[in-house]
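Residue numbers (the numbering used here), protein chains in the order written: chain A, 993 to 1106; chain B, 7 to 117.
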């Protein structure tokens, strides 16, 4: 049973389209994250939710909107996709604040914008 | 500005040839330093947490150490299954839940 699962694994879409990525964790964690990994493999935090409350909101275009319906789910909606949005998006979860540094990552969703 | 720099970018080892990866950091105040392993097409997998200079952690052929400016990940007598990208991350004091990652070192171990 997968601990952090995200769907879809692959998205290929045209510029200007809107897309969503869904994430679910069954670890009982109260904190969830979205990270973006670009072509140079840098992993950068985008958002973090703790018990459905937005805690971290990095400098990310307004076209990206996260939503956490409950503490086990965190979705990412992207409007008006641009070429530069092509990347792998990882969902992760942890116990509160990741004090131990232990994040559990999903397998990633590779977004390709044409 | 907080920075995490990993070197080398890539490392090719023969099976059994021990080596070390470096993670140097410049942060306003370190809360913790973490090592992860990432296999191709997968999400990062947590390995170690280090909180203070002088601390060491070990797991199988991997050993992580921490000084006030850098951390090393030593791979002793590596096997092909140790091939992966190793990522270093830091958490700065006061930055709740936020891990800042380095670019990683890609390690290939050949038989």
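By construction, the Cβ of each residue, glycine as well, lies at the ideal position given by its N, Cα and C atoms.
Below 7 Å CB to CB, which residues in the same chain sit around residue 97 of chain B once its five sequence neighbours on both sides are set aside? 37, 38, 104 and 105
Straight-line gap, residue 1007 of chain A to residue 1104 of chain A (C-alpha atoms, nearest Å): 10 Å
Would you decide whether residue 91 of chain B is buried or exposed? Buried here means 16 or more other CB atoms lie within 10 Å of its CB. buried
Residue-chain proximity (residue 91 of chain B, chain A), Cβ-Cβ < 8 Å: yes
Using a beta-carbon distance below 8 Å, is residue 52 of chain B in contact with chain A? yes
Would residue 1040 of chain A pass as an interface residue toward chain B - the criterion being a Cβ-Cβ separation below 8 Å? yes
Please decide whether residue 16 of chain B counts as near chain A, where near means a Cβ-Cβ distance under 8 Å. no
Considering residue 12 of chain B, what are the terminal residues of the beta strand (DSSP E) in which it resides? 9 to 13
Can you tell which of A:1097, A:1101 and A:1077 has the C-alpha that lies nearest to the C-alpha of residue 1021 of chain A? A:1097
CA-to-CA distance, residue 1081 of chain A to residue 1017 of chain A, given in whole angstroms: 15 Å
Using CA coordinates, which residue listed in B:115, B:95, B:25 and B:114 is at the minimum distance from residue 33 of chain B? B:95
Just list the beta strand (DSSP E) runs in the segment 27 to 55 of chain B, keeping only unbroken ones of 3 residues or longer that don't cross its boundaries, in chain order. 36 to 44
Compare the C-beta of residue 1032 of chain A against all C-beta atoms of chain B and say whether one is closer than 8 Å. yes
So which residues on chain A does residue 109 of chain B lean against when the C-beta distance must stay under 8 Å? 1032, 1033 and 1034
With a threshold of 8 Å between beta-carbons, can residue 1090 of chain A be considered close to chain B, or not? yes
What are the residues that DSSP puts in a beta bridge with residue 80 of chain B? B:26 and B:69
Helix, strand or coil at residue 1090 of chain A [DSSP, three-state]: helix
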